[in-house]
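*Asks:* Take a look at the following structure, please.
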Amino acid sequence: MGCIVGSLACCISSAACSLCCACLPTCKNSTSSRIVYSLMLLIGSIIACIMLAPGLRDALHKIPWLCSEANCDEVVGYLAVYRVCFAMAAFFALFCLIMINVSSSKDPRAKIQNGFWFFKILIMVGICVGAFFIPNGDFGKALMVIGLISGFLFIIIQLILLIDFAHGWSESWVEKYEETESKCYYFGLLFFTVLFYLVSLIAVILFYVFYAHGDSCGLHKFFVSFNMILIVGVSVLAILPKIQEAQPRSGLLQSSVISVYVIYLTWSAMSNNPDESCNPSLVSGSHLGSVKLSFDYLTIISLLLFLFAVLYSSIRTSANSQVGKITMSEKTILQTETGSSNFKDEEKGGQTVWDNEEDEVAYSYSFFHFMLGLASLYVMMTITNWLSPSPNFSTLNANMAAVWVKMASSWLCILLYVWTLVAPLILRDREFS
Numbered sequence: 035m036g037c038i039v040g041s042l043a044c045c046i047s048s049a050a051c052s053l054c055c056a057c058l059p060t061c062k063n064s065t066s067s068r069i070v071y072s073l074m075l076l077i078g079s080i081i082a083c084i085m086l087a088p089g090l091r092d093a094l095h096k097i098p099w100l101c102s103e104a105n106c107d108e109v110v111g112y113l114a115v116y117r118v119c120f121a122m123a124a125f126f127a128l129f130c131l132i133m134i135n136v137s138s139s140k141d142p143r144a145k146i147q148n149g150f151w152f153f154k155i156l157i158m159v160g161i162c163v164g165a166f167f168i169p170n171g172d173f174g175k176a177l178m179v180i181g182l183i184s185g186f187l188f189i190i191i192q193l194i195l196l197i198d199f200a201h202g203w204s205e206s207w208v209e210k211y212e213e214t215e216s217k218c219y220y221f222g223l224l225f226f227t228v229l230f231y232l233v234s235l236i237a238v239i240l241f242y243v244f245y246a247h248g249d250s251c252g253l254h255k256f257f258v259s260f261n262m263i264l265i266v267g268v269s270v271l272a273i274l275p276k277i278q279e280a281q282p283r284s285g286l287l288q289s290s291v292i293s294v295y296v297i298y299l300t301w302s303a304m305s306n307n308p309d310e311s312c313n314p315s316l317v318s319g320s321h322l323g324s325v326k327l328s329f330d331y332l333t334i335i336s337l338l339l340f341l342f343a344v345l346y347s348s349i350r351t352s353a354n355s356q357v358g359k360i361t362m363s364e365k366t367i368l369q370t371e372t373g374s375s376n377f378k379d380e381e382k383g384g385q386t387v388w389d390n391e392e393d394e395v396a397y398s399y400s401f402f403h404f405m406l407g408l409a410s411l412y413v414m415m416t417i418t419n420w421l422s423p424s425p426n427f428s429t430l431n432a433n434m435a436a437v438w439v440k441m442a443s444s445w446l447c448i449l450l451y452v453w454t455l456v457a458p459l460i461l462r463d464r465e466f467s
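Going by our numbering, 278 is the number at position 244 of the sequence shown; the sequence numbering is gapless.
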């Protein structure tokens with residue numbers, strides 16, 4: 035945490051730097067920068083959530099000098115969420131373009147990436163203020179379409195990070211079990227594997243009871259049945275002898291984690307179906323498909339997954355990352371910390387400075403900002419429950435487009451996980467160990 039505070043303080047002035055940086059611990063530029071950018075995104079997301087806080091609009095109206103009736107309506111509600119998240123996405127898109135092809139910290143643009151935090155915060159705030167001056171018009175509808183596409187892409191990034199996490203978790207505990215022969219790790223793997231499969235099974239039963247119970251819910255029955263078949267298929271695939279021979283530490287823990295995620299996506303998709311007879315998640319409004327915004331369990335789970343994805347991508351560095359199997363690339367947001375250089379900065383009070391990117395950047399600056407831009411729009415869609423603006427902009431409607439986006443994401447998730455299993459068998463000239 036001291037590293038993060040120092041990054042923020044040291045960028046404002048040399049005086050502040052000399053006063054506070056001497057007491058800070060050793061710090062990597064690559065890690066601290068990613069965490070600070072992630073914190074900016076998280077703070078913006080919290081502000082967007084506040085825009086939907088119950089009673090906020092009425093509270094603002096009680097302050098006569100603050101805003102008029104019309105003005106208060108502009109700074110609360112789902113359109114305010116759209117504007118805040120649009121501002122964050124625009125900020126990260128700008129830096130995504132600026133940081134293209136930065137190869138090391140010797141590039142002048144690397145100093146912008148890893149410093150000048152005060153001015154970057156001002157830029158984000160300025161974009162956010164400007165976003166509230168964008169006329170309503172078709173702003174909501176256009177951003178909804180962009181949000182659907184961006185949300186789909188970010189779900190895929192979530193899946194990639196989840197696969198990396200699952201493989202890393204399993205490999206770590208298997209390795210510790212082999213080294214220490216402690217049964218705690220063995221029973222831990224067994225416990226979580228059974229737990230995740232049990233959660234998936236219970237969820238499937240509940241889906242048939244609540245989301246696929248009538249004759250008119252044939253589409254939901256197909257979704258649940260087909261994804262259940264896919265889950266069974268990948269679980270069997272993960273323990274086939276040939277897969278085990280190519281990847282001895284591949285097992286059911288990874289498959290169980292992916293199963294839970296696919297089940298979550300299935301639930302999330304069915305919760306956006308405008309058919310009230312098949313969707314108990316809808317809170318009915320004045321007409322069919324009109325719903326009220328609420329922070330339900332699905333929203334909370336979505337935000338927790340978003341938090342996991344952003345923070346995991348900020349702190350995770352692995353030379354053997356499963357991301358390489360998926361993207362066929364060595365330069366991703368998960369990358370080994372390379373090119374370190376430790377030295378004492380005597381002029382700034384003896385702080386140990388670790389610029390670990392003098393030879394090569396530890397992660398793709400541009401792709402990291404691209405991911406955060408997608409994450410901003412994913413937050414926008416999550417907070418507003420992936421619902422579509424109605425023509426009069428007073429309500430939101432359940433959205434079949436969101437249903438198909440999430441179901442397509444679940445199928446692509448399965449496909450990507452299968453690829454991590456079969457890639458060593460297909461590409462024998464590549465090293466996947």
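C-beta atoms are modelled at their ideal positions from N, C-alpha and C, and glycine is treated no differently. These numbers were taken from a predicted model, which means no experiment stands behind them.
Cutting at 7 Å between CB atoms, please list the residues of its own chain near Leu337, excluding the five before and the five after it.
*Replies:* Against the sequence shown, residue 337 aligns to sequence position 303. So the qualifying residues of the chain are Thr416.
*Asks:* Measure the C-alpha to C-alpha separation of Ala432 and Glu209 and round it to an integer number of angstroms.
*Replies:* As a first step, residue 432 must be located in the sequence shown, where it is residue number 398. As a first step, residue 209 must be located in the sequence shown, where it is residue number 175. Their Cα atoms are separated by approximately 47 Å.
*Asks:* Whose C-alpha, out of Ser72, Val118, Asn63 and Ala176, is nearest the C-alpha of Ala82?
*Replies:* Here residue 82 corresponds to residue number 48 of the sequence shown, with the count starting at 1. Comparing Cα positions, the closest option is Val118.
*Asks:* Relative to the C-alpha of Ser410, which residue among Val456, Ile161 and Gly185 is closest?
*Replies:* Taking the sequence shown and counting its residues from 1, one reaches residue 410 at position 376. Considering only alpha carbons, the answer is Gly185.
*Asks:* Pull up the distance between the alpha-carbon of Tyr412 and that of Asn261, whole angstroms please.
*Replies:* Numbered from 1 along the sequence shown, position 378 holds the residue referred to as residue 412. Numbered from 1 along the sequence shown, position 227 holds the residue referred to as residue 261. When rounded, the distance between both Cα atoms is 23 Å.
*Asks:* If contacts are defined as beta-carbon pairs under 8 Å, then Leu286 and Ser269 qualify, I think. What distance do you get, rounded to the angstrom?
*Replies:* As a working mapping, residue 286 is identified with position 252 in the sequence shown. As a working mapping, residue 269 is identified with position 235 in the sequence shown. Right, their Cβ atoms sit about 6 Å apart.
*Asks:* Taking contact to mean 3 or more Cβ pairs, one atom from each stretch, closer than 8 Å, check whether the region 441-456 and the region 215-228 are in contact.
*Replies:* Not touching, per the Cβ criterion.
*Asks:* Run through DSSP, which three-state label would Pro314 get?
*Replies:* Sequence index remark: in the sequence shown, residue 314 carries index 280 (1-based). Looking at Pro314 - three-state DSSP - the assignment turns out to be coil, as it is neither helix nor strand.
*Asks:* Enumerate in chain order the residues of its own chain whose CB-to-CB distance from Gln147 is below 8 Å, with the five nearest sequence positions on each side excluded.
*Replies:* Stepping through the sequence shown from its first residue, residue 147 is reached at position 113. The answer, listed in chain order, is Ser67, Phe129, Met133, Val136 and Tyr399.
*Asks:* Since Met434 contacts Asn307 with CB under 8 Å, what's their CB separation in whole angstroms?
*Replies:* Start at 1 with the first residue of the sequence shown, and residue 434 comes out as number 400. Start at 1 with the first residue of the sequence shown, and residue 307 comes out as number 273. Contact holds; Cβ gap of about 7 Å.
*Asks:* Within its chain, find whatever has a CB closer than 7 Å to the CB of Phe120; leave out the 5 residues flanking it on each side and keep chain order.
*Replies:* Along the sequence shown, read from residue 1 onward, the residue named residue 120 stands at position 86. Contacts found: Ala165 and Leu177.
*Asks:* From Phe427 to Gly174, what does the alpha carbon distance come to, in whole angstroms?
*Replies:* If you number the sequence shown from 1, residue 427 lands on position 393. If you number the sequence shown from 1, residue 174 lands on position 140. Low confidence applies here, because Phe427 scores a pLDDT of 47, under 50, leaving its location unreliable; read the following figure in that light. Answer to the nearest angstrom: the Cα atoms are 8 Å apart.
*Asks:* So, under 8 Å CB-CB, Ser72 and Val344 are touching, yes? Tell me the CB distance rounded to an integer number of Å.
*Replies:* The count along the sequence shown starts at 1 and reaches residue 72 at position 38. The count along the sequence shown starts at 1 and reaches residue 344 at position 310. Rounded, the Cβ-Cβ distance is 5 Å, consistent with contact.
*Asks:* Exposed or buried, Thr214, counting other C-beta atoms within 10 Å across all chains shown (16 or more means buried)?
*Replies:* Here residue 214 refers to the residue found at position 180 of the sequence shown. When all chains shown are included, Thr214 counts as exposed.
*Asks:* Does DSSP put Ser363 in a helix, in a strand, or in coil?
*Replies:* As a position in the sequence shown, residue 363 is number 329, starting the count at 1. Unreliable positioning characterises Ser363 in this predicted model, as indicated by a pLDDT of 45, which lies under 50. The coordinate reading is nonetheless provided below. Residue state, collapsed to three classes: coil.
*Asks:* So what's Leu449 in DSSP terms, helix, strand or just coil?
*Replies:* For the purposes of this step, residue 449 is identified with residue 415 of the sequence shown, where counting begins at 1. In this structure, Leu449 counts as helix in the three-state DSSP scheme.
*Asks:* Does the separation of the CB atoms of Val291 and Ala200 fall below 8 Å?
*Replies:* In the sequence shown, residue 291 corresponds to position 257, counting from 1. In the sequence shown, residue 200 corresponds to position 166, counting from 1. Contact flag set, yes.
*Asks:* For Ala280, which residues from the same chain have a beta carbon less than 6 Å from its beta carbon, with the 5 sequence-adjacent residues on both sides left out?
*Replies:* Mapped onto the sequence shown, residue 280 falls at position 246. Correct list, in chain order: Pro458 and Leu459.
*Asks:* Does the beta-carbon distance from Leu450 to Ile84 come in below 8 Å?
*Replies:* Position 416 of the sequence shown, counted from the start, is the residue given in the question as residue 450. Position 50 of the sequence shown, counted from the start, is the residue given in the question as residue 84. No, the Cβ-Cβ distance between Leu450 and Ile84 is not below 8 Å.
*Asks:* When the Cα atoms are used, what is the spatial distance from Val179 to Ser422?
*Replies:* The residue labelled residue 179 in the question sits at position 145 within the sequence shown. The residue labelled residue 422 in the question sits at position 388 within the sequence shown. Roughly 9 Å separates the two Cα atoms.
*Asks:* Pick from Tyr245, Lys276 and Cys162: whose alpha carbon is nearest that of Asp309?
*Replies:* For this step, residue 309 is matched to residue 275 along the sequence shown. The candidate whose alpha carbon is nearest that of Asp309 is Tyr245.
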